[in-house]
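Heads up, the working numbering is the position in the sequence shown plus 361, with the first residue counted as 1.
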Amino acid sequence: MPFKFTFRGVRGSYAVPGPSTLRVGGNTTCLEVRVEGNLILFDAGTGIIQVGREVAEELAERRKTQPDARVVASIFFSHMHHDHTQGFPFFKPVYFETSELHLFGPRMMNTDFGSGLATALLSPLFPVELSDMRAAKHIHNIYDTDVVVYPLSGEAPVMVKNKNGAEEYGPETPRVRCCHSYAHPNGGSMVYRIEWNGKSVVFATDVEGYVGGDQRLIHFAKGADALIHDAQYEEKRYFGYPNPVQGFGHSTPEMAAHVARSAGVRRLFLHHHDPESDDELVEAMAERARKSFPNTQPAVEGLTIEL
Ligand SMILES: [Zn+2]
Ligand SMILES: [Zn+2]
């Protein structure tokens with residue numbers, strides 16, 4: 362049974378369709394992970410919309426032989442900015458009353474994750490309210506101390522407190538751990554680590570580097586097989602007078618490479634590309650990052666990696 366992930370949206374801020382983004386992709390953030398038969402999604406930018414279409418088609422196919430088949434999926438949100446939520450109301454399975462969706466996100470700015478999500482969809486900004494979406498939704502605040510475990514029996518994911526709580530499940534049981542990064546405006550961003558059978562991938566979007574490196578993140582990402590790290594701005598823009606973007610909560614490829622090197626990960630994917638970066642610039646940024654961390658490549662929409 363493979364452990365694989367697919368980039369479904371790799372862009373930050375807003376979607377950019379058009380000829381200049383054809384190779385890298387124009388949809389906002391969404392990562393699809395498939396492990397032990399579980400569908401686990403990270404963020405619901407516009408990239409999740411196509412996942413929803415495919416899942417709906419798979420369901421129609423399965424129902425030909427298995428009439429009670431249904432969609433069961435998890436979505437972990439890093440935070441509630443538009444580029445991470447705007448695809449959610451267009452994710453088809455939320456409208457199927459047989460769907461079972463496990464939704465996780467951080468409590469931020471004194472607001473529970475569920476209210477944050479409901480606010481993101483609030484009428485009259487969007488015609489349908491979260492409560493009117495027909496899928497069964499299990500909504501959870503998630504904290505640094507929580508681990509979400511996916512039992513091999515196929516039962517619903519279980520939230521346990523801290524690593525020790527997860528130890529009673531063997532390494533062949535997939536799990537998601539998290540680390541709240543404070544390096545993003547208005548409450549930070551949740552970084553996730555998905556582990557299975559000694560393999561792991563870390564999803565660190567919307568994080569900015571610190572002088573000397575983000576030590577909590579470096580520790581959290583230690584030895585991962587893959588690190589997906591924010592690298593929105595090239596250095597020229599990050600520091601550029603008169604409009605530097607330092608402090609906006611995003612990293613340069615050099616910062617991402619520093620984390621990758623310090624954490625001793627196997628490979629690095631630069632993610633959350635700036636909407637103003639065309640294919641050539643994204644590729645040139647990865648080329649520069651390779652000087653400090655050779656096993657670097659840009660996150661590209663549609664790219665699947667099997668661990
Ligand atoms: Zn973002
Ligand atoms: Zn953000």
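The beta carbon of each residue, even a glycine, is placed where N, CA and C say it ideally should be.
According to DSSP, is Ala587 part of a helix, a strand, or is it coil? strand
Nearest-angstrom Cα separation, counted from Glu662 out to Ser561: 20 Å
Which whole-angstrom value describes the C-beta separation of Pro535 and Gly559, a residue pair presumed to lie in contact below a C-beta threshold of 8 Å? The beta-carbon distance between Pro535 and Gly559, rounded to whole angstroms, is 12 Å. This is too long to meet the 8 Å contact definition.
According to the Cβ coordinates, are Asp591 and Asp567 closer than 8 Å? Yes.
Residue span of the alpha helix (DSSP H) that contains Met646, given as start and end: Asp640 to Ala650
Using a 10 Å radius around the Cβ and a threshold of 16 neighbouring Cβ atoms, would you call Leu486 buried or exposed? Counting Cβ neighbours within 10 Å, Leu486 comes out exposed, since fewer than 16 surround it.
Take the Cβ of His632 as the centre, count every other Cβ of all protein chains shown within 10 Å, and call the residue buried at 16 or more, exposed below. buried
With distance defined between alpha-carbon atoms, name the residue in Asn525, His463 and Leu483 nearest to Ile503. His463
Name all residues in chain order for which at least one heavy atom of ligand 2 lies closer than 5 Å to the residue's CB. His442 and Asp567
Please identify the residue among Val508, Ser484 and Gly370 whose C-alpha is closest to the C-alpha of Asn523. Val508
Return the CA-CA distance between Arg424 and Phe457, expressed in angstroms with no decimal places. 14 Å
When DSSP labels each residue in this structure, what does Pro659 get in the three-state scheme? strand
Integer Cβ distance of Arg577 from Arg554, believed to fall under 8 Å: At roughly 12 Å, the Cβ-Cβ gap does not stay under 8 Å, so Arg577 and Arg554 are not in contact.
Taking 7 Å as the line, does the beta carbon of Ala505 fall inside it for any heavy atom of ligand 1? First, the residue type needs correcting, since residue 505 is Asp and not Ala in the sequence shown. No - ligand 1 has no heavy atom lying nearer than 7 Å to the Cβ of Asp505.
Using the beta-carbon count (16 or more within 10 Å), is Glu393 buried or exposed? buried
What span of residues does the beta strand (DSSP E) with Val537 cover, start to end? In the DSSP assignment, Val537 falls within the beta strand (DSSP E) that extends over Arg536 to Ser542.
What's the gap between the Cα of Asp639 and the Cα of Gly584? Cα to Cα, Asp639 sits roughly 31 Å from Gly584.
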